[in-house]
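Peer 1: For the sequence shown, the positions run 1 to 175 when full-length UniProt numbering is used. My questions all concern the structure below.
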Amino acid sequence: MCLPINNWKLQFTVLLSISIITTEFSEGKTPTDYILCRQCGTDVASADSLANLHSPAAVTRTNESLFGLDEVYVQSLINPLHIKFNVVTVLESTCVTSARFWVSDHSWFPGYAWKPCTCSRCRQQLGWAFEPLVSADSLKIRASNKGFYTLILDNIISELVSDQLLIVPHTVTVR
């Protein structure tokens, strides 16, 4: 026989989550998903900031159901070391750049310089920040409103998916 542990905090969290989602659906809103760092769970971007920016260097392009959306543009890009990355593009992100200078060589997006972009909390590389060449200033740690980010799919996770993995009822077996 399995009995649930009396954990009022977990029950409250689950009920509150269900209440918020139910309210959003009943008001005709779609709940917003967030993109999280897969390593530490920090918010990286809102799914609302996803953008279909095409790279001429993409070896494949697909539309996938991700982050609570039906058609998210995913590109496969290969770096000079022949490492392939499946990425999505966002206009805003909390990831930060630690490299001192913007690099214009080997840019997947002509007219843009890039820097590696890491999680602001755990420093896991999440992707790259891209900035127009004319405004690529070494002092910037984030892309400007004219820039954008590519995020590596293997290094991020949907908050909705993460919540499903984390909210599991605990049980105790009584003999």
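Virtual Cβ for every residue (Gly too), placed ideally from N, Cα, C. Given the structure is predicted, the values throughout are model-derived calculations rather than measurements.
Mind checking whether ILE35 and VAL87 have CB atoms under 8 angstroms apart?
Peer 2: No.
Peer 1: Can you check whether the CB of SER76 is closer than 8 angstroms to the CB of THR97?
Peer 2: Result no, Cβ atoms of THR97 and SER76 do not sit closer than 8 angstroms.
Peer 1: Measure from the C-beta of ALA136 to each C-beta in chain C and report whether the shortest distance is under 8 angstroms.
Peer 2: This model lacks chain C altogether; it includes just one protein chain.
Peer 1: My assumption, with CB atoms under 8 angstroms, is that GLU92 sits in contact with ALA57. Please give the rounded CB distance.
Peer 2: Not confirmed; about 23 angstroms, so no contact.
Peer 1: When the Cα atoms are used, what is the spatial distance from SER162 to ILE141?
Peer 2: Taking the straight line joining both Cα atoms gives about 28 angstroms.
Peer 1: Residues bridged to PHE85 by DSSP?
Peer 2: DSSP output for PHE85 lists LEU77 as bridge partner(s).
Peer 1: What number of angstroms, rounded off, separates the C-alpha of ASN155 from the C-alpha of TRP128?
Peer 2: So the two alpha carbons sit approximately 12 angstroms from each other.
Peer 1: Does the distance from the CB of TYR149 to the CB of LEU133 come in under 8 angstroms?
Peer 2: No; because the gap between Cβ atoms is not below 8 angstroms, this pair is not in contact.
Peer 1: Under three-state DSSP, which class holds ALA99?
Peer 2: Residue state, collapsed to three classes: coil.
Peer 1: Using the C-alpha atoms, what's the distance from GLN124 back to CYS40?
Peer 2: When rounded, the distance between both Cα atoms is 9 angstroms.
Peer 1: Which of the three DSSP states, helix, strand or coil, is assigned to ALA47?
Peer 2: DSSP places ALA47 in helix when its eight states are reduced to three.
Peer 1: Could you tell me which residues DSSP puts in a beta bridge with CYS37?
Peer 2: Note: CYS37 sits in a beta bridge opposite ILE156.
Peer 1: Return the bridge partner residues of PHE148 from the DSSP annotation.
Peer 2: PHE130, per the DSSP bridge assignment.
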